Amino acid sequence: MNRLHRVVAAATLALAALGAAAQAQPAAPVLDPARLMLGFPPPPEYRIHVGNWQRWPQKIWSFQNTRELFPTRPLAPRGPVWALPEARRDLDGLQVGTTEAPTTWPQMLAATHTDAVLVLHQGRIVEERYLNGMKPETPHLMFSATKSMVGLMGAVLVAEGKLDANARVGTLLPELAGSAWADATARQVLDMTDGVRFSEIYTDPKSDIFAYVGAMGWAPDIVKPGNPTGILNMLGTLKTSHDEPRGSAFRYRSPATDVAGWLASRAAQQSLTQWLQTRLWDRLGMEHEGNVMLDPLGTEVAFAGMSASLRDLGRIGQMLLQRGRVGEQQIVPASVVDDLVRGGSTQAFEASGITYRKGWSYRDQWWVNPQSPRSFAAMGAYGQRLYVFPDHQMVVVMFGSHPLPIAAMIDPAHRSAFTALITMLGAGSTR
1 MNRLHRVVAA ATLALAALGA AAQAQPAAPV LDPARLMLGF PPPPEYRIHV
51 GNWQRWPQKI WSFQNTRELF PTRPLAPRGP VWALPEARRD LDGLQVGTTE
101 APTTWPQMLA ATHTDAVLVL HQGRIVEERY LNGMKPETPH LMFSATKSMV
151 GLMGAVLVAE GKLDANARVG TLLPELAGSA WADATARQVL DMTDGVRFSE
201 IYTDPKSDIF AYVGAMGWAP DIVKPGNPTG ILNMLGTLKT SHDEPRGSAF
251 RYRSPATDVA GWLASRAAQQ SLTQWLQTRL WDRLGMEHEG NVMLDPLGTE
301 VAFAGMSASL RDLGRIGQML LQRGRVGEQQ IVPASVVDDL VRGGSTQAFE
351 ASGITYRKGW SYRDQWWVNP QSPRSFAAMG AYGQRLYVFP DHQMVVVMFG
401 SHPLPIAAMI DPAHRSAFTA LITMLGAGST R
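Just so you know, we're using our numbering here: the sequence shown kicks off at 1 and counts up by one.
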């Protein structure tokens with residue numbers, strides 16, 4: 001088996017782990033995505049439920065309809081909509097590949113299983129495209145791009161003096177005083193350098209992620225008797241830390257975001273949804289309803305549960321591009337955005353062993369690339385992306401339903417496309 005086949009096989013197992021039981025599944029019939037959930041009732045093979053919602057092609061429908069699968073809290077648009085002016089460009093002929101592998105913009109979108117894409121340049125829409133049944137008003141699941149919204153909340157609270165970044169988790173959250181989180185600081189949790197041991201290996205049924213996904217309600221088939229129910233109950237069961245000093249190494253682990261969300265909610269005395277509503281949906285001129293998924297006990301799935309429309313996520317990106325200011329309103333402190341642009345510790349990121357984002361860092365749950373073209377980004381599995389390019393006045397939002405969750409299979413195509421966009425738009429560096 002060659003390397004590509006090994007990667008695909010491992011990723012397929014990962015999908016099985018998150019979408020259903022860890023046992024081997026029989027070969028699924030070839031399905032027409034256009035027929036998913038159609039009929040009264042839909043034919044059995046086209047029905048989507050919590051046991052198959054992350055399989056492909058079922059995910060094409062489920063990522064756009066999480067409210068029909070899981071409990072959610074709504075994010076309601078209020079007040080005047082922030083109008084996004086248009087300066088559309090025809091990108092169908094744009095070459096976004098390499099000389100050795102020429103690819104057009106539409107071909108790249110198809111190859112990466114993109115459901116929708118929005119490109120803003122200097123605050124204007126230059127590209128907006130909906131595929132795979134997506135509509136402008138459709139809220140699409142963001143997966144781990146949700147982490148960056150949690151990080152934004154935490155960063156704002158730190159800037160406002162409501163959350164002490166240097167305080168220990170066990171002090172701020174006595175409920176976790178007996179866990180491995182207790183001695184980590186809020187800053188270390190926000191930057192995922194907390195040192196807590198948690199295995200997120202989807203090919204290993206003994207990995208911690210299996211129990212975690214079961215506890216949050218995404219895969220009831222893998223829940224084992226005696227395992228805790230609910231995210232908050234699971235967090236306290238993590239008792240061990242890595243040998244490395246806290247703060248020395250970036251380790252990407254989803255539970256850190258749920259701890260960060262708990263810290264932020266306790267400090268703000270608001271849930272994540274309430275904060276997003278009052279800080280963004282009420283003040284940013286959002287156009288459509290979004291939502292945040294809940295676990296079986298009513299706790300928000302902070303690490304991966306937010307859905308938003310394409311334009312509304314673009315508005316968040318444009319606000320950050322404008323250093324937190326929209327019109328006469330300072331939505332988030334400019335210092336928060338400046339800190340994101342500077343990024344986190346590249347040494348800690350290097351210690352993670354991640355090679356396909358070499359030279360990057362991770363700050364407040366955002367991925368930061370200091371290399372040209374500089375960017376900071378919210379990223380989620382299967383192709384969810386919000387990129388902000390501060391030097392080029394460009395924001396790119398992508399929603400996707402890629403069969404595989406592996407970022408390394410999508411990142412190169414996106415990077416090549418973004419470089420081509422910057423060149424085409426004449427978006428020279430403002431540094």
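C-beta: ideal position from N, C-alpha, C; glycine also. In this text, all values refer to a predicted model and were calculated from it rather than measured experimentally.
Backbone CA spacing between residue i and residue j [nearest angstrom]
i      : j      : result
Arg415 : Gly123 : 21 Å
His113 : Lys59  : 11 Å
Asp411 : Thr229 : 35 Å
Leu69  : Ala34  : 19 Å
Ile220 : Pro71  : Per the sequence shown, residue 220 should be read as Pro rather than Ile. Looking at the two C-alpha atoms, the distance is approximately 14 Å.
Met142 : Ala87  : 26 Å
Met216 : Thr237 : 14 Å
Ala101 : Asp90  : 21 Å
Asp191 : Gln270 : 22 Å
Arg283 : Ile331 : 7 Å
Ile222 : Leu386 : 31 Å
Phe198 : Pro333 : 33 Å
Asn227 : Leu297 : 14 Å
Lys239 : Asp183 : 11 Å
Thr171 : Met306 : 28 Å
Met153 : Ala165 : 13 Å
Glu175 : Arg279 : 27 Å
Phe261 : Ser248 : Note that residue 261 is Gly in the sequence shown here, rather than Phe. Rounded to the nearest angstrom, the two C-alpha atoms are 22 Å apart.
Arg434 : Ala256 : There is simply no residue 434 to check, as the chain begins at 1 and stops at 431 in what is shown.
Arg251 : Gly290 : 29 Å
Met424 : Arg67  : 38 Å
Arg129 : Ser241 : 45 Å
Glu300 : Thr99  : 46 Å
Gln347 : Pro136 : 41 Å
Val292 : Ala378 : 16 Å
Pro245 : Pro43  : 54 Å
Leu404 : Gly383 : 9 Å
Gly343 : Ala408 : 21 Å
Val395 : Phe349 : 24 Å
His49  : Gly426 : 46 Å
DSSP bridge partner residues for residue i (one or two, in chain order)
i      : result
Gln330 : Arg325
Ser241 : Val196
Trp367 : Tyr362 and Ala377
Met306 : Val292
Pro74  : Asn291
Leu386 : Ala378 and Val397
Thr185 : Arg168
Glu300 : Leu294
Residue i and residue j closer than 8 Å at C-beta
i      : j      : result
His121 : Gln393 : yes
Val150 : Leu272 : yes
Leu118 : Val388 : no
Trp105 : Asp92  : yes
Trp281 : Ser148 : no
Ala76  : Gln329 : no
Ser179 : Phe303 : no
Ser352 : Asn132 : no
Leu36  : Pro57  : yes
Gly380 : Thr146 : yes
Gly285 : Gly79  : yes
Close-in-space but distant-in-sequence residues of the same chain around residue i (CB under 6 Å, 5 per side omitted)
i      : result
Gln371 : Gly359
Lys162 : Ala267
Ala413 : Met108 and Thr112
Gln64  : Thr138 and His140
Leu31  : Pro57
Trp53  : Ser62 and Leu69
Phe210 : Ile222
Trp275 : Met153 and Ala268
8 Å Cβ shell around residue i - same chain, five flanking residues per side excluded
i      : result
Leu84  : Leu120, Gly123, Arg124, Ile125, Arg311, Gly314, Arg315 and Gln318
Asp338 : Arg323
Trp181 : Val169, Gly170, Leu173, Val189, Asp194, Val196, Leu235, Leu238 and Val259
Val341 : Val368, Arg374, Phe376 and Pro390
Gln41  : The sequence shown places Pro at residue 41, not Gln. These residues qualify, in order along the chain: Arg47.
Arg73  : Ser271, Thr273, Asn291, Val292, Leu294 and Glu300
Beta-carbon contacts of residue i that lie in its chain and below 7 Å, excluding the five residues immediately before and after
i      : result
Val336 : Ala155, Val156, Ala159 and Gly324
Glu287 : Pro77, Val81, Ser309, Arg311 and Asp312
Leu94  : Thr104, Trp105, Ala420 and Met424
Heavy atom of the ligand GTP within 7 Å of residue i beta-carbon
i      : result
Glu160 : Among the components of this structure there are no ligands whatsoever, and the ligand GTP is therefore not found.
Only counting runs of 4 or more residues, tell me where the alpha helix (DSSP H) segments fall wholly within the region 115-144, in order along the chain.
none
Quick check on the DSSP output: what are the complete alpha helix (DSSP H) runs of length 4 or more inside the region 24-106, in order along the chain?
58-62
Ignoring anything shorter than 3 residues, give me the beta strand (DSSP E) runs that lie fully in the region 250-293, in order along the chain.
290-293
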